[in-house]
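Residue numbers (my numbering): 65 to 287. Every residue, glycine too, gets a C-beta built ideally from N, C-alpha and C. Report on the structure given below.
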Ligand SMILES: [Ca+2]
Ligand SMILES: [Ca+2]
């Protein structure tokens, strides 16, 4: 009798656990990401196994027709990266745009740009003793094949070292401006770039921001 009771108790205890595990396994989610042509994430979804992902709205891409997606996203059984598929519109004209380093001739970027659209400037190279000041031509609206060259000026150490925002004071904000440049959140150019290179090693780095902060904190009195 005791044995039977023990068995019943054991079953009562174990059964809910078994079912709990089953329902847990059934509720497995997968991550589905929809990626646009430019690498932008259009949608990230958690989809229950066996369910369908929801197609996101896709922004218009000038000069191209949207053809669909590169993978099926119905009955999802795994994590998925789904990419948009595009085809050049019949009436679209592409122009070839090259960005070229004017000092050593390196091709920095090679792009096919839809007529009337902007090209995307690459990161210019750093050259010793020179400061990048811009590009040789506008590329906001491409209307023909073109080559665009970097324009540099000789670096002149005449500004206020450390003053990366050109307000003629060296403050914590200058360290921030330098760090934003290092993180590629903005680009210091011209005199600001010269001022930002506090240790004058022809590179704008976090170390320059550190020097500015040490100066602001009074730990050093000159650079
Ligand atoms: Ca400043
Ligand atoms: Ca430096």
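Looking only at DSSP bridge pairs, what is residue i linked to?
{"i": "residue 145", "result": "97"}
{"i": "residue 163", "result": "173 and 212"}
{"i": "residue 129", "result": "151"}
{"i": "residue 196", "result": "216"}
{"i": "residue 178", "result": "158"}
Of the residues the options, which one's Cα is nearest the Cα of residue i?
{"i": "residue 306", "options": "177, 272, 232 and 236", "result": "With the chain covering only 65 through 287, there is no way to say anything about residue 306."}
{"i": "residue 259", "options": "248, 231 and 249", "result": "231"}
{"i": "residue 181", "options": "218, 275 and 205", "result": "205"}
{"i": "residue 98", "options": "209, 117, 126 and 112", "result": "117"}
{"i": "residue 275", "options": "257, 193, 235 and 195", "result": "235"}
{"i": "residue 189", "options": "179, 126, 227 and 164", "result": "164"}
{"i": "residue 95", "options": "144, 139 and 102", "result": "144"}
{"i": "residue 255", "options": "203, 218 and 284", "result": "218"}
{"i": "residue 179", "options": "194, 166 and 152", "result": "152"}
{"i": "residue 102", "options": "184, 166 and 253", "result": "184"}
{"i": "residue 12", "options": "214, 240 and 287", "result": "Nothing can be reported for residue 12: it is not among the residues displayed for the chain, which extend from 65 to 287."}
Decide if the region 122 to 137 is in contact with the region 159 to 176; the criterion is three or more beta carbon pairs, one per stretch, under 8 Å apart. As far as the Cβ criterion goes, the region 122 to 137 does not touch the region 159 to 176, which means the pair count is below three.
Contained beta strand (DSSP E) runs [length at least 3] in the region 206 to 252, N- to C-terminal order: Inside the region 206 to 252, DSSP marks whole beta strand (DSSP E) runs of 3 or more residues at positions 210 to 218, from first to last along the chain.
Could you check whether the region 109 to 127 touches the region 140 to 160, counting it as contact only if at least three pairs of C-beta atoms, one from each stretch, sit closer than 8 Å? Yes: at least three Cβ pairs fall under 8 Å.
Can you list, in chain order, every residue whose CB sits closer than 5 Å to a heavy atom of ligand 1? Working through the chain, the matches are 227, 229, 231, 233 and 238.
Let me know the alpha helix (DSSP H) ranges lying completely inside the region 259 to 286, each 4 residues or longer, listed in chain order. Fully enclosed alpha helix (DSSP H) runs of 4 or longer: 270 to 280.
At what residue ranges does the region 98 to 122 contain a whole run of the beta strand (DSSP E), taking only runs of 3 or more? Listed in chain order, they are 105 to 112.
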